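Everything on this sheet refers to the single structure shown next.
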């Protein structure tokens, strides 16, 4: 179920444009880069929704902007299930072919050129560390007299037809939308293969929706981001 769709592309661009010097040539380059990123984010959100939005086991939040200790935190996609498995997904350069070397350096293919970019796995790791602390302010669901314990995960989302190459240690953290259900079945507390203990620690659909809504309520929209 979709709790938060991506923000309006035009609203995001307008908010960014308002913060940039109009006469600086670099401003247009930054806006073009943001436009490309937002288009990829919209496409990746659509691909995720096609796989998971019709069910009630997962709550989906796309394009989530939080402010933590004065810092802006942008999350491409946040997925939460009824066992409180919380998955952060990054979709950088969505549509491009990606590769990862033995040192964990990321590259993308652009018109035959191999260009390096900042590791999304490192970014996800930092985001997860911040969210672990920040999320203590939320009202966590209770079962059997105590709050449920979340399981935090992260991965990089690849476009369906993009090529990828990575050592096994990193390939496990690269997933395509059509592979996501199988990936989640392996990496989360999946009820179809779980123990009665896991089922006992599942929340209702309404509780999941309410918990996910708390995240949405803390989103900083384009009109607030100045």
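Numbering (our numbering), first residue to last: 3 to 228.
Glycine included, every Cβ here is placed at the ideal spot set by N, Cα and C.
As the structure is a prediction and not an experimental result, all values here were calculated from the model.
Kindly list the residues whose CB is nearer than 8 Å to the CB of residue i, restricted to its own chain and excluding five residues on each side of it in sequence; keep chain order.
i, result
"residue 18", "32, 33 and 36"
"residue 115", "none"
"residue 55", "3, 4 and 62"
"residue 134", "154"
"residue 211", "3, 5 and 61"
How would you write the range of the beta strand (DSSP E) that residue i sits in, first residue to last?
i, result
"residue 222", "Per DSSP, residue 222 belongs to no beta strand (DSSP E) and is neither H nor E."
Answer with buried or exposed for residue i, where buried requires no fewer than 16 other C-beta atoms within 10 angstroms of its C-beta.
i, result
"residue 78", "buried"
"residue 91", "buried"
"residue 119", "exposed"
"residue 157", "buried"
"residue 195", "Confidence at residue 195 is low in this model, with a pLDDT of 47, below 50, so its placement is unreliable and the value that follows should be read with caution. The residue is exposed, with fewer than 16 neighbouring Cβ atoms inside 10 Å."
"residue 144", "exposed"
"residue 162", "exposed"
"residue 44", "buried"
"residue 47", "buried"
"residue 124", "exposed"
"residue 83", "buried"
"residue 23", "exposed"
"residue 122", "buried"
"residue 224", "buried"
Report the residue from the options whose alpha carbon sits nearest the alpha carbon of residue i.
i, options, result
"residue 175", "151, 148, 93 and 58", "93"
"residue 187", "104, 108 and 59", "59"
"residue 231", "61, 67 and 8", "Only positions 3 to 228 of the chain appear in the structure, and residue 231 is not among them; the question remains open."
"residue 50", "214, 181 and 218", "181"
"residue 11", "52, 57, 64 and 29", "64"
"residue 117", "136, 183, 102 and 125", "102"
"residue 129", "82, 108, 16 and 73", "73"
"residue 151", "141, 159 and 179", "141"
"residue 126", "178, 159, 15 and 210", "159"
"residue 173", "208, 220 and 108", "108"
"residue 169", "215, 223 and 105", "105"
"residue 147", "207, 22, 203 and 221", "203"
"residue 53", "184, 207 and 166", "184"
"residue 15", "66, 25, 30 and 171", "30"
"residue 39", "131, 207 and 97", "97"
"residue 178", "27, 99, 6 and 25", "99"
"residue 164", "112, 218 and 224", "112"
"residue 215", "122, 28, 80 and 225", "80"
"residue 207", "13, 25, 26 and 57", "57"
Between which two residues does the alpha helix (DSSP H) harbouring residue i extend?
i, result
"residue 189", "182 to 189"
"residue 173", "170 to 173"
So, for residue i: in the same chain, excluding its five sequence neighbours on each side, which residues have a beta-carbon less than 7 Å away from its beta-carbon?
i, result
"residue 191", "85, 87, 153 and 200"
"residue 76", "67"
"residue 167", "101"
"residue 132", "70 and 75"
Beta-carbon within less than 6 Å of residue i's beta-carbon, same chain only, minus the 5 sequence neighbours each way: which residues are those?
i, result
"residue 136", "70"
"residue 95", "110"
"residue 209", "143"
"residue 205", "84 and 143"
"residue 89", "81 and 155"
"residue 149", "142"
I'd like the ranges of any beta strand (DSSP E) spanning at least 3 consecutive residues and lying wholly in the segment 5 to 90. 60 to 70 and 73 to 83
For the segment 94 to 153, list the alpha helix (DSSP H) runs that are entirely contained and at least 4 residues long, ordered along the chain. 122 to 136
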